Each structure stands twice: as C-alpha cells, then as structure tokens.
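Chemist:
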Amino acid sequence: MCGIIGFCGEEEAVPVLLEGLEKLEYRGYDSAGVAVISGDGVIRIRKRKGRIASLREKIEAEEPLPGTVGIGHTRWATHGEPNDVNAHPQAGMSGRIVVVHNGIIENYREIRQFLERRGYKFLSETDTEVVAQLMEYYYLGKGDLMDAVYSMLDRIKGSYALGILCSDYPGQLIAARKDAPLLIGYGEDGNYIASDVTALLSHTRTVSYLEDEEVAVITKDQVTVYDAGRLVVDKELHTVEWDVSAAEKGGYSHFMIKEIMEQPEAVRKTLSPRLRDGRIFFEELGEDPAFIRNCSSIYIIGCGSAYHVGVVGKYMLEKHLRIPAEACLASEFRYSDPIVGPDTLVIVISQSGETLDSMAALREAKRRGARTLAIVNVIGSSIAREADYVIYTWAGPEIAVATTKAYSTQLLLISMLTVYFKDQLGKITPEEYDEYVDELLALPDKLDQVLARVGNIQKTASKYFNLDSMFFIGRNLDYALGLEGSLKLKEISYIHSESYAAGELKHGTISLMEPGVLVVAIATCESVLDKTFSNMVEATSRGADAVVLTTEEHAGNFEKTVKAVLSVPSTHDLLQANLNIVPLQLFAYYVALNRGCDIDKPRNLAKSVTVE
Ligand code: M6R
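Take the sequence shown: its position 28, counting from 1, is numbered 198 in this note's numbering, and each next residue is one higher.
1) When you compare only the Cα positions, how much space is there between R282 and A386?
2) Shortest alpha-carbon distance to C695 belongs to which of I662, V717 and Q746?
3) Whole angstroms is fine: what's the gap from T248's alpha carbon to N464's?
4) Terminal residues of the continuous beta strand (DSSP E) containing S501?
5) Would you mind stating whether L191 and T238 have Cβ atoms separated by less than 7 Å?
6) Would you say the beta carbon of T248 comes nearer than 6 Å to a heavy atom of ligand 1?
7) Using the Cβ count rule (16 or more neighbours within 10 Å means buried), how would you classify N636?
8) From P739 to H724, what does the alpha carbon distance come to, in whole angstroms?
9) Within this structure, are the beta carbons of G328 and I275 separated by less than 7 Å?
10) Along the chain, where does the beta strand (DSSP E) containing L117 start, and where does it finish?
11) Keeping to the same chain, check which residues put their C-beta closer than 7 Å to that of G360; ignore five residues upstream and five downstream.
12) Alpha carbon to alpha carbon, how far is S294 from L343?
13) Please confirm whether S372 and I354 have their CB atoms less than 7 Å apart.
14) Can you give the beta carbon distance from G242 to V270, rounded, assuming they're within the 8 Å contact cut?
15) Could you check where the beta strand (DSSP E) with E524 kicks off and where it finishes?
16) Could you name each continuous alpha helix (DSSP H) segment of 4 residues or more that falls completely within the stretch 256-337, going from the start of the chain to the end?
17) D798 bridges to which residues according to DSSP?
18) Is G652 helix, strand or coil when you go by DSSP?
19) Under 7 Å between the Cβ atoms of R541 and L515?
20) Go to I751, then tell me how far its beta strand (DSSP E) extends in each direction, as first and last residue.
21) Tell me the residue span of the beta strand (DSSP E) that contains E406.
22) Quick one: measure Cβ to Cβ for N256 and G250, integer angstroms, because I've assumed they're closer than 8 Å.
23) Please tell me whether S321 and Y308 are closer than 7 Å, where the distance is taken between their beta carbons.
24) Return yes when at least one heavy atom of ligand 1 lies under 6 Å from the C-beta of A572, else no.
25) Starting from the Cα of I267, find the closest Cα among N626, P252 and L332 and give me that residue.
26) Helix, strand or coil for Y422, going by three-state DSSP, please let me know.
27) For G313 and G262, I'd like the C-alpha separation in whole angstroms.
28) May I ask whether a heavy atom of ligand 2 can be found less than 6 Å away from the beta carbon of A476?
29) Less than 6 Å separating the Cβ of C498 from some heavy atom of ligand 1?
30) Please report how far the alpha carbon of V718 lies from the alpha carbon of R623, in whole angstroms.
31) When you compare the CB positions of T440 and T563, do they come within less than 7 Å of one another, or not?
32) Would you mind stating whether A565 and A436 have Cβ atoms separated by less than 7 Å?
33) State yes or no: is the C-beta of T525 nearer than 6 Å to some heavy atom of ligand 1?
34) So, at 6 Å on beta carbons, what are the nonlocal neighbours of E157 in its own chain, with the 5 sequence-adjacent residues on each side left out?
35) Tell me whether the beta-carbon of F591 lies closer than 7 Å to the beta-carbon of I462.
36) When you compare only the Cα positions, how much space is there between S632 and Y760?
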C-alpha cells in the first residue's frame, strides 16, 4: 500500500527520495510525489499519477527542486481517484505545511467542514489534505510548530504514518505514527524516515521503530523522539540483517520467480536455527510446556495467503493435537464475537506484520485474554511487537506482491509447531518424531527437485494461459492448498479462478463444467486420493480439461486420464504441502507471463494492506 520516504542530510534530497520510492514500488501504488525544502524555506512539490518513472520525467523536465531535506510518497488511492491532484504530498493553503501520509483519517469530513467554515479551500478529495490544512490552521494560530503537531494529532482519528515539512524550519522534518508503520534510519550522510526498511537498505542498517503516538523531529545529525506527553523517548536502535541484494532482482525477470526459486534457501534458514540434534526447539515460546497443555482451542488468523496457511494449520493442529482449531479471516474475526479467552491460543500469521485487519484481530484476541503467537516475516513489525510471542520466518525481504517464499516458510512453521506441540503433549512416538525430522532435513533438497521440473510446468501453462476460468479442487490438506493455488493464479494473471473442496463440486459448481474450463486437481493426500480422482472425472466428463498435481508414485495412474500431470516427490504428510505449492506458484507465474501481465505489481493490489 502507500509508501513513505523522508531524508534530511548533506546531499540533494531528490535522488535519495526517488531511489527510496523505487524501492517502495512493490508495495503497490497508483501515483507518486516528492516535496523538497530549500535552505531559504521554499517547499517545492512534484507529483504525478502513474509510475515513479513518470514522476522522474516530470522532475527532470521542470524547474529543479534544490534542497537536502524532503519527503516522498507512493499513493494507493483510498479517498479520491488516483490523479495528480490527489497524489501526495499535500499542502496547507499557504504552502507552509506539507505532508505525506499513510493510513486513513476517519473524521476527515468533519474536520474539512470545520476548516471550510473558516475559509479554508481544498484542492483534493483526500483525507491527507485535511491533515496538512489542520496543522497549518493550528500553526498559524499558535505560532509554535510542536504545539501545532500535537493539536493536529489530538484532533484526527484513524491511522497515520506522517512525514511533515514546515517552510519555517528548512533543516528538519517531522514524523509521527499511529497504527501504520514508520521507522527512522540513522545514516552517516543524514537521517531518514521510511514506511518500510527496504527503502533504507542502501543507506543504512541502523533503525528505530516509531511507536504509536510518538513524534520524531529529524535533522541531518540528530533524531529526537517524543511520546504522546511530549517527553523525550530513548529509542532502542536495531540493526537490520537483510542485505541490499536480497531486495534486488539478481538477473531474474521478476521478483516473483526469484522468490519462488529462493524457497529451498528460505526453508533452510527457517528450519535450521530451530533444529538441533534431531530435536525441534522454539525458544521464542519460552520452552513452557504449559503453553499448549492449558490450551482448549486454537484460532489461526490471517488474510489472503496467510489465512490459507491458517487453513492448513487447522487441519494439522486439530488432527495431531486433538484440540479444536479454527482458521479465521482476520477481517471477520474481530466482528464475529469469537469464543476466545485465557485458554485460547490465537496464532496470527502475517508476512508484513503490518496488515491492519490482522493487527486488529490480534488486539481483539488480546483484549479477550487469549495467548497470542505471531508468525511474521518482517522483523520489528507491529504484529511482531504486539503479540505475546513471535516466531520469525526467515524468508528475507519479499518484494513481489504475490507471496511465495513467505507463504512457504509460514507453512513450514505451522508444520513444525504441530510436531513440537504434539511432543509436548506426549502424543508422538520417538519413531514418528524421527521420521518427521528426517523429512524436515530432506525438504530443501526435495524443493530443489520440484523446481528443476519447471519445464513441464511452463509447457502446461502455455497450453492453458488463454482460458477464462479455472477451478482448483482437492480434499483435506489438498483443498487448503488449492485455496492458495487459486489465489496465486487470479491475483497475477487476472483469470477467474476458484477453489473448492472436491466433494463440494457436485453441490452446485459442477454446472459450470464445460469445454474451455480447466480443473486443477490436487491429489496428494493418500486417504482421499481416490475420492478426489472421482470428483475430477465428474468434471472432465462434462467437457472440462484437467491437470493433476500428485506425488511421483501416483503420477502413472493419472497420466492415462488427464492432459497433464505435475508430480512432486513424496514426503511426510505434514510437509507435503511445502512441496505441492511450488508447481502451483510456477503455474500461476508462467500463465501470467504468457498473458503479458505486470507480475510483480498486479493491478489494484498492494503488498501490505494497511487499511480495513
Ligand atoms: O502481509 P500479510 O501476510 O499479512 O498479507 C496478507 C495478504 O494481504 C497477502 O497474503 C495477500 O493475499 C498476497 N497478495 C497473496 O499473494
């Protein structure tokens, strides 16, 4: 979703801002802009609908933007269509206060009316312009910048990460946050703000995370952070381990394919620190056996792909722990009056750790007294910091909007947690445990084997990329995986696609089966394999084509019946999904490639969804 970069330093701000904005492009946006303040206090703004490249052209074509302090923004439209006027930065009427903003100001209408009654004229339809105008109103009235900042923050309701310039203070920028991520980067050539660490990696690895209601005043050689009561806060500095190359394409044509190919490594990095002498450790949980023994129910919460991991988790945890487990969409959880209390374990899964719905669900779970455990990829993100326990996926930066390696590492952790808890409950035999660990150790190599079969998947994708409709079917864990296969396909190729529990097809959806429809049958769960096969035949009998994803040992049985078989090696039941997902990701990728889609930045989508 929207991205923020800000710089206060020695060198010209424009190149730093544009480079930062390019690094934020992956989050999804539809317009972009920068504002730079010159030494004599003139704030110049350039903004444009469309890509950063087009903003760059505009900047190069027009009068220069001198200055070493500035803010930049990529906007994903919420209030007002994507156009030049609604793009950020937004300015107060006199041009003294200029603002970039991520989040939503819920009471913006009421404030706008308040200001309009006092003669303020608005140019855009955005809630952000209200922030700039309101702050200017207070600044002109009070004459003190920090008073104006705090009065404005007191008045607005909603979520915000803000970067603010004031023409009377050409050497500084101000940042503030509530319920939207914002971090400060401490560099040798100056200081930075950013909504996402990837925008800072080429300048600094030293960061601090702004907490809700904190305000930072940033100059080129100083950062001062204040809390809501205007007391100075001593911020803890963190070193970011991700390196720059991890956030670059490295010779691949898209981040998505690079990230698919990185999965063996991501899985290795996620499992190795937690595996010693054939035993699984989750030191993050405090090694407290009571953690799971006292648990009477489990909720696994997430959005999109993270929710799909939750569905996998539901099947795994419930079956092996014999504790009722439910996967719940984060956006539904908080409004569904869930049965959650101190003996409930709520697992929140999120790549970004900033998804607003997931964050709100986490807070709701905590409010009801549940024990909360977050599985998160971005270190220091809001969800990671607010949950009682956090387990990190070590997938590294994920840039493509369509998640792949983060999803895989989440799957892995849910599987490992299942075995870890099962052991703590005394429900696993030593033989079973060893068998699982053996397969765990073999997983990265088996993933390499699956990736080596890319040619077959490419061929299948080039056969079907022109279709309008596809269905993913499977039972049990295969069904859970179909949800993700279907989402991957539709989000990047724009082909209509749905996922069904195979047995459900004949209760309505089978009426859609006809020539020109493709059914992707996932048939790897031994206990229900024959049943999935029958459901697939029901579809092909009505003229649909079928592609089957199955294990090597069953591939031969399917080859006679269907047009294409995608096979994967067999592994432990609790790890099979990790192998199965790869052909589905590759299939979606090559279908989208054949269709000429903007794979890393699909239309209308954002990497991190920070609005409700
Ligand atoms: O950052 P999160 O894991 O919380 O994001 C959740 C979803 O927005 C995300 O998984 C989304 O569905 C992806 N685009 C799927 O590829």
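Every residue, glycine too, gets a C-beta built ideally from N, C-alpha and C. No experiment lies behind these values; they were computed from the predicted model shown.
Modeler: Reading off the structure:
1) Locating residue 282 in the sequence shown gives position 112, where the first residue counts as 1. Locating residue 386 in the sequence shown gives position 216, where the first residue counts as 1. Here the alpha carbons of A386 and R282 stand approximately 26 Å from one another.
2) Within the sequence shown, the letter at position 525 stands for residue 695. Looking at the Cα atoms, Q746 is the closest of the given residues.
3) Here residue 248 is taken as the residue at index 78 of the sequence shown, counted from 1. Here residue 464 is taken as the residue at index 294 of the sequence shown, counted from 1. Cα-Cα distance, rounded: 43 Å.
4) Within the sequence shown, numbered from 1, the residue matching residue 501 stands at position 331. Annotation: S501 is outside any beta strand (DSSP E); the continuous alpha helix (DSSP H) that includes it extends over A500 to F503.
5) To locate residue 191, count along the sequence shown from 1; it is residue 21. To locate residue 238, count along the sequence shown from 1; it is residue 68. Cβ atoms of L191 and T238: not closer than 7 Å.
6) Here the question's residue 248 lines up with position 78 in the sequence shown. Not one heavy atom of ligand 1 falls within 6 Å of the beta-carbon of T248.
7) Within the sequence shown, numbered from 1, the residue matching residue 636 stands at position 466. Exposed: under 16 other Cβ atoms inside 10 Å.
8) Taking the first residue of the sequence shown as position 1, residue 739 is located at position 569. Taking the first residue of the sequence shown as position 1, residue 724 is located at position 554. Whole-angstrom Cα-Cα distance: 10 Å.
9) Residue numbering aside, residue 328 sits at position 158 when the sequence shown is read from its first letter. Residue numbering aside, residue 275 sits at position 105 when the sequence shown is read from its first letter. Yes; because the gap between Cβ atoms is below 7 Å, this pair is in contact.
10) Lying before the first or after the last residue shown, residue 117 is absent from the chain, which here runs from 171 to 782.
11) Mapped onto the sequence shown, residue 360 falls at position 190. If we look at G360 and ignore the five residues flanking it on each side, its Cβ neighbours are F177, C178, G179, E180 and K390.
12) In the sequence shown, the residue the question calls residue 294 occupies position 124. In the sequence shown, the residue the question calls residue 343 occupies position 173. Spanning the two alpha carbons is a distance of roughly 23 Å.
13) To locate residue 372, count along the sequence shown from 1; it is residue 202. To locate residue 354, count along the sequence shown from 1; it is residue 184. No, the pair does not count as a contact, with Cβ atoms beyond the cut-off.
14) Here residue 242 refers to the residue found at position 72 of the sequence shown. Here residue 270 refers to the residue found at position 100 of the sequence shown. With a contact defined as Cβ atoms closer than 8 Å, G242 and V270 qualify at about 7 Å.
15) Residue numbering aside, residue 524 sits at position 354 when the sequence shown is read from its first letter. Per DSSP, E524 belongs to no beta strand (DSSP E) and is neither H nor E.
16) Those alpha helix (DSSP H) runs which fall completely within the stretch 256-337 and span 4+ residues are 278-287, 297-312 and 315-325.
17) Past the edges of the chain, shown from 171 to 782, lies residue 798, and the structure says nothing about it.
18) Position 482 of the sequence shown, counted from the start, is the residue given in the question as residue 652. Residue state for G652 is assigned as helix, using DSSP reduced to three classes.
19) Working through the sequence shown from its first residue, we reach residue 541 at position 371. Working through the sequence shown from its first residue, we reach residue 515 at position 345. Yes, they are a contact pair.
20) The sequence position of residue 751 within the sequence shown is 581, counting from 1. Segment Q746 to N764 is the alpha helix (DSSP H) holding I751; no beta strand (DSSP E) there.
21) Residue 406 sits at position 236 when you count from the first residue of the sequence shown. Run containing E406: none; DSSP gives neither H nor E here.
22) Numbered from its first residue, the sequence shown carries residue 256 at position 86. Numbered from its first residue, the sequence shown carries residue 250 at position 80. Indeed, because the Cβ distance is near 4 Å, the residues count as touching under 8 Å.
23) Translated into the one-based positions of the sequence shown, residue 321 becomes position 151. Translated into the one-based positions of the sequence shown, residue 308 becomes position 138. Contact: yes.
24) The residue given as residue 572 occupies position 402 in the sequence shown. At least one heavy atom of ligand 1 sits closer than 6 Å to the Cβ of A572.
25) Locating residue 267 in the sequence shown gives position 97, where the first residue counts as 1. Measuring from the Cα of I267, the nearest candidate turns out to be L332.
26) Translated into the one-based positions of the sequence shown, residue 422 becomes position 252. The answer is coil: DSSP assigns Y422 none of H, G, I, E or B.
27) As a position in the sequence shown, residue 313 is number 143, starting the count at 1. As a position in the sequence shown, residue 262 is number 92, starting the count at 1. So the alpha carbons of these two residues sit roughly 15 Å apart.
28) Ligands displayed in this structure: ligand 1; ligand 2 is not among them.
29) What you label residue 498 is simply residue 328 of the sequence shown in a count that begins at 1. No, since every heavy atom of ligand 1 falls outside the 6 Å radius drawn around the Cβ of C498.
30) Within the sequence shown, numbered from 1, the residue matching residue 718 stands at position 548. Within the sequence shown, numbered from 1, the residue matching residue 623 stands at position 453. Each residue's alpha carbon lies about 15 Å from the other.
31) Residue 440 sits at position 270 when you count from the first residue of the sequence shown. Residue 563 sits at position 393 when you count from the first residue of the sequence shown. T440 places its beta carbon less than 7 Å from that of T563.
32) As a working note, residue 565 is residue 395 in the sequence shown. As a working note, residue 436 is residue 266 in the sequence shown. Less than 7 Å separates the beta-carbon of A565 from that of A436.
33) Taking the sequence shown and counting its residues from 1, the one referred to as residue 525 is at position 355. Remark: the C-beta of T525 is in contact range of ligand 1, defined as less than 6 Å to any heavy atom.
34) Lying before the first or after the last residue shown, residue 157 is absent from the chain, which here runs from 171 to 782.
35) Start at 1 with the first residue of the sequence shown, and residue 591 comes out as number 421. Start at 1 with the first residue of the sequence shown, and residue 462 comes out as number 292. Inclusion of F591 and I462 in the CB contact set at 7 Å is warranted, their separation being smaller than that value.
36) For the purposes of this step, residue 632 is identified with residue 462 of the sequence shown, where counting begins at 1. For the purposes of this step, residue 760 is identified with residue 590 of the sequence shown, where counting begins at 1. Roughly 7 Å between the two C-alpha positions.
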